[in-house]
Amino acid sequence: MKFTVIAETNEDLLHPTVYQLIGAISKIGAETTVICPNGKGSSEASKIKGVEKVISVNGDCFHLFDGSAWSTAINSVCEGTIVISASPNGREIGAMIAAKRDIPIIQDVTAISAGIEVTRPIYSGKATETLLINGDSVITLRPNAFENAELGNEAPISIVDQTSDLKISIIEAIGKASERLDVTEAEIIISGGRGMGSIDNFSHLESMADTLGAAVGASRAVVDEWGMPHRMQVGQTGKTVSPSLYIAVGISGAIQHLAGMRSSKYILAINKDPDAPIFTVADYGIVASWEDALPILKSELMKL
Amino acid sequence: MGYEALDFYEVDSLLSDEERMVRDMVRDWVDKEVIPNIENACREGVFPDEWRAALGEMGVLGAPLKGYDCPGLSYTAYGVICRELERGDSGLRSFASVQGSLAMYPIWDFGSEEQKNHYLPKMTSGEWIGCFGLTEPDYGSNPGDMITRAEEMDDHYLLNGAKMWITNGTIADLAVVWAKLNGVIRGFIVEKNDPGFSAPEMKGKHSLKASVTSELVFQDCKIPKDRILPGVKGLRGPFSCLNNARFGISWGAVGAAQSCFHSAKDYAMSRIQFDHPIASYQLVQNKLAWMLREITKAQLLAYHLGKMKDVGEWIPEHISLAKMNNVDVALEIARVARDIHGANGILDEYPVMRHMANLESVKTYEGTHDIHNLILGRHITGIQSFTREI
Amino acid sequence: MNIAVLLKQVPDTTAKITISNGKVDENNVSKWSMSPYDEYALESGLQLKEVTGGSLIAITCGPERTKKMLTDAAAVGADKLIHISEDKVLDSTQVQKLLAATVEKSGAEVVLCGKQAADTNSGSTGPGVAEILNAVCVSMVSEVSINENNFISTRPSNSGAEKVSSNGISVFTFDKGISELRRPNVRGIMMAKKKTIETIKPEEIGLEIENSDRITLQSQNSPPEKEPGQIFEGVENIPEIVSKLRNEANVI
Chain A
1046 MKFTVIAETN EDLLHPTVYQ LIGAISKIGA ETTVICPNGK GSSEASKIKG
1096 VEKVISVNGD CFHLFDGSAW STAINSVCEG TIVISASPNG REIGAMIAAK
1146 RDIPIIQDVT AISAGIEVTR PIYSGKATET LLINGDSVIT LRPNAFENAE
1196 LGNEAPISIV DQTSDLKISI IEAIGKASER LDVTEAEIII SGGRGMGSID
1246 NFSHLESMAD TLGAAVGASR AVVDEWGMPH RMQVGQTGKT VSPSLYIAVG
1296 ISGAIQHLAG MRSSKYILAI NKDPDAPIFT VADYGIVASW EDALPILKSE
1346 LMKL
Chain B
-8 MGYEALDFYE VDSLLSDEER MVRDMVRDWV DKEVIPNIEN ACREGVFPDE
42 WRAALGEMGV LGAPLKGYDC PGLSYTAYGV ICRELERGDS GLRSFASVQG
92 SLAMYPIWDF GSEEQKNHYL PKMTSGEWIG CFGLTEPDYG SNPGDMITRA
142 EEMDDHYLLN GAKMWITNGT IADLAVVWAK LNGVIRGFIV EKNDPGFSAP
192 EMKGKHSLKA SVTSELVFQD CKIPKDRILP GVKGLRGPFS CLNNARFGIS
242 WGAVGAAQSC FHSAKDYAMS RIQFDHPIAS YQLVQNKLAW MLREITKAQL
292 LAYHLGKMKD VGEWIPEHIS LAKMNNVDVA LEIARVARDI HGANGILDEY
342 PVMRHMANLE SVKTYEGTHD IHNLILGRHI TGIQSFTREI
Chain C
2 MNIAVLLKQV PDTTAKITIS NGKVDENNVS KWSMSPYDEY ALESGLQLKE
52 VTGGSLIAIT CGPERTKKML TDAAAVGADK LIHISEDKVL DSTQVQKLLA
102 ATVEKSGAEV VLCGKQAADT NSGSTGPGVA EILNAVCVSM VSEVSINENN
152 FISTRPSNSG AEKVSSNGIS VFTFDKGISE LRRPNVRGIM MAKKKTIETI
202 KPEEIGLEIE NSDRITLQSQ NSPPEKEPGQ IFEGVENIPE IVSKLRNEAN
252 VI
């Protein structure tokens, strides 16, 4: 059974997820070809265990992302089952290559076994499904759901010149909006309560939020007493949120607060009171003051 | 959690597609715009102007009226709209009831062609707000003895008197006022800038706090001659308006009750006492089951009454029964829901105490609970018991 | 200009998903809604229509119940409603072919859809349809406008966002858009009720759908039970927690 991995890059290096894609294929006892658009990361890829060969596809079209041009250029060298990261670009190229080859595509896979059998979450994680694939397909793998392949290889690198006409042009770059995310939209929320001591200490939560790309929330006590804006309030009379990760700092967890955030996928609570009700809904709890816990948490997150 | 309306017998499956789409539209709006802002509106004692605009844009004002740009929906659809609005707040539903059933309806049914063309399009769009002046400080359940008088002058009518408990009064652009002209009750359209007319707001309510309640004062108020409603004389005029408003209330009360049930169930499932959710205790389950039972019955009453209105086979007593019953059980459901919420039930974090306080008004306005009983008593026995002069 | 908007009906994001006999029980879904990103595509389509004076064609592929969503689209201004009716279980490429053929038949010059639907969360449809139509594809856009003969769309980039120009038939997949979604109103609902839904069978657009054996559904399951909460005394375990959040929970 043949596999082809399409590598994404981060600047000139392989994106860390490429190691995971190759790791997943190795796990089911197969080797893979790795395609590196414009040759980026090709020598790095050749050193990963489980790589049979590396193909640099070099072309002018790779200067800006146009899924249509990229997939046309890459498709010519694809073989067998094509594996890509389920990143936005990966999903787009994957869907286009699947359409070109008239083969099915399964996106956002979180487990794979020989056969090929894959499992993926559906309904935003409210269920999962397991599918058996017959014949060639495109599979995109969820980032960080698979273990990395190891280094220790000298796979051959070949170069193919292949480009395709770009169908789009970039006419303007727009800087990142500095506006902070709204709690109802954020994937990660970091909320503070009365345990933060004073409104000034919310700056610590804000800097944490910047590290994580998170929104900052607050309990009702803080909104009412310290005059935080109501749009930040999470709870019965505030916003009902269900982010992937909710970090509650110095929030005791009154039933009204829990009503607004208990459907979060994961809850991390930091509180110095071991009996705080917030720990009854937390997946992970740290019994410590925020002054002690936040700096360490932040430095750990920076390492990622 | 998203709002899932209690509908144990799936009564809503009997609605037409159109009625269901209208329901979803209003429900969605209430979720997004009303519920997040209602407590603030209550605290400030205002009816947010954006709500007026949104009701007009959605096109639900005067729902069952046809022509003159009015929606032309079924009475059942009108009921559904009232239910969804009152799930948010009775004050919001009151606004819509007064605008549609009490101000637009009499113009639509009893007004001249010129009056209809002049007022109705601007009222259904929400541009002009109407109110309805019947009740007086000393004449509530007994409107027939009202004091407010109209006198016919050369080129105008002269109004004198006062009305009380008038929803929308202070914010209204026009009032449909019932007054005696030569001893006969007639309807008049008074506009806000008419000389001698004022509408001071009544403050200090513990109920319907997000709704404006006013007095209407007429001191030698001059209105042009073309403002009399030509099509009706006597109490039949105001009573036909009230029939429609009461019909809407019988649906609206279901919405308030559904909101209370939803909150009580949610709370009981998540509130832990003695190591278990209180929903797991028999006394709480008994309360929830009773709420379910009464809401289901109220839904069936409202739905069937809607169908009777839509085919025109109804008598006012049918409406009296539904208004009286549904408000009565909704109020009791709100009280029981408050009880299930324990001390938390008195907080504005939960809707139950607000609904409870609102429903105390709803029980009294548009024909008190007891008056509706007397209407039914007269229907059963043929003997009126409103006055001693039998 | 004819504007096609591809819509999918999904269980409302607030609805509970229940599994029975190894399958998601669709009969138990309390509310079906238009997939949230599709709503932004529809809104943008309506705005394009207002500018260009064209016609907006709402297209969906799915069972009978999806017709309600088309009527909802008509209530906010969709002009033409097309329901592709096929009872067989389709894989993603088969759906794309049906949609692409319907778009082609409709004469649309621009195709809008959500970046992914809230059921499978795949995001294959837009790019796949673009590929079949040999069209331009720009994904995850927040707005699309038209400037002379070019479409100008805004999509995320590493440094924030970028404006992309394209011409010719183009497919745009929508992330959350910048515009507020319009509300329906009673007038729209009454008009929508009278609007006919055109039903298309695959054979009518020259496509014969074979029973696909390329993908077999083995089972659908509830997500694995979360482990009971782990509470740590003191700050020593923070590195371990962070690594669990990344590697087990996959949330950072």
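Quick mapping for you: the protein sequence lines, in order, are chains A, B and C. Per my numbering, the first sequence runs over residues 1046 to 1349. Per my numbering, the second sequence runs over residues -8 to 381. Per my numbering, the third sequence runs over residues 2 to 253. Think of the CB as a built atom: it goes at the ideal place given N, C-alpha and C, for glycine as much as any other residue. Please read these numbers as outputs of a predicted model, since none were measured by experiment.
- CA-to-CA, the gap between Val175(B) and Ala1304(A) works out to about 58 Å.
- Using a C-beta cut-off of 8 Å, the segment 127 to 142 of chain B makes no contact with the segment 67 to 87 of chain B, since fewer than three inter-stretch Cβ pairs fall below that distance.
- Assignment of Thr61(C) by DSSP, reduced to helix, strand and coil, places it in the strand class.
- Put simply, the backbone Cα of Leu292(B) is about 20 Å away from that of Ala54(B).
- In this structure, DSSP gives Gln95(C) a helical state, which the three-state scheme calls helix.
- In this structure, Thr139(B) is the residue among Phe86(B), Gly121(B), Glu323(B), Thr139(B) with its C-alpha nearest to the C-alpha of Glu127(B).
- Chain A places no beta carbon closer than 9 Å to that of Glu144(C), leaving this residue out of the contacts.
- Rounded to the nearest whole angstrom, the C-alpha separation of Asp217(B) and Asp145(B) is 12 Å.
- If you check each beta-carbon in the segment 174 to 199 of chain C against every beta-carbon of chain B, the ones closer than 9 Å belong to Arg184, Pro185, Asn186, Val187, Arg188, Gly189, Ile190, Met191, Ala193, Lys194.
- Only Asp19, Trp20 from the segment 19 to 44 of chain B bring a Cβ to less than 8 Å from some Cβ of chain C.
- Taking the beta carbon of Glu(-5)(B) as reference, the chain C residues within 7 Å of it are Ser31, listed in sequence order.
- Residue burial is scored here from C-beta neighbours: Leu1349(A) has fewer than 16 other C-beta atoms within 10 angstroms and is therefore classed as exposed.
- A Cβ-Cβ separation of about 7 Å places Ala1254(A) in contact with Ala1260(A) under the 8 Å criterion.
- For Ile1051(A), the secondary structure class from DSSP, reduced to helix, strand or coil, is strand.
- Cβ contact annotation for Ala76(C) (same chain, cutoff 7 Å, sequence separation greater than five): Pro185, Gly189, Ile190, Ala193, in chain order.
- The alpha-carbon of Thr126(C) is positioned some 37 Å away from that of Gln1281(A).
- For Lys171(B), there is no enclosing alpha helix (DSSP H); the enclosing beta strand (DSSP E) covers residues 165 to 172.
- Looking at the backbone, the Cα of Val1096(A) and that of Met12(B) are separated by about 56 Å.
- Considered as a whole, the segment 121 to 152 of chain C harbours 126 to 134 as its complete alpha helix (DSSP H) runs of no fewer than 4 residues, in chain order.
- Taking the beta carbon of Tyr341(B) as reference, the chain A residues within 9 Å of it are Gln1281, Thr1282, Gln1301, listed in sequence order.
- Nearest in C-alpha terms to Asp1318(A), of all of Asp1328(A), Ile1296(A), Ser1308(A), is Ile1296(A).
- Our two residues, Arg262(B) and Thr287(B), have alpha carbons roughly 25 Å apart in a direct line.
- At least 9 Å separates the beta-carbon of Lys1072(A) from that of Ile1178(A).
- Chain A places a beta carbon closer than 9 Å to that of Arg262(B), counting this residue as a contact.
- Under the three-state reduction of DSSP, Gly102(B) is assigned to coil, being neither helix nor strand.
- For Lys1098(A), the uninterrupted beta strand (DSSP E) segment begins and ends at 1096 to 1103.
- Beta-bridge partners assigned by DSSP to Tyr1329(A): Leu1313(A), Gln231(C).
- For the 9 Å CB-CB criterion, Ile232(C) and Val1332(A) form a contact.
- For Lys9(C), not one C-beta of chain A is nearer than 9 Å to its own C-beta.
- The C-beta of Ala1304(A) comes closer than 9 Å to at least one C-beta of chain B.
- In terms of Cβ geometry, Ala1144(A) and Glu249(C) do not form a close pair [threshold 9 Å].
- For Pro62(B), the residues of chain C that pass the 7 Å Cβ criterion are Val187, in the order they occur in the chain.
- With its beta carbon at least 9 Å from every one in chain A, Asp301(B) lies outside the interface.
- DSSP places Ile242(C) within a helical segment (H, G or I) once states are collapsed to three.
- In its chain, beyond the 5 residues on either side, Ile20, Gly23, Lys24, Val25 have a beta carbon closer than 7 Å to the beta carbon of Gln221(C).
- The beta-carbon of Met49(B) is placed less than 9 Å from the nearest beta-carbon of chain C.
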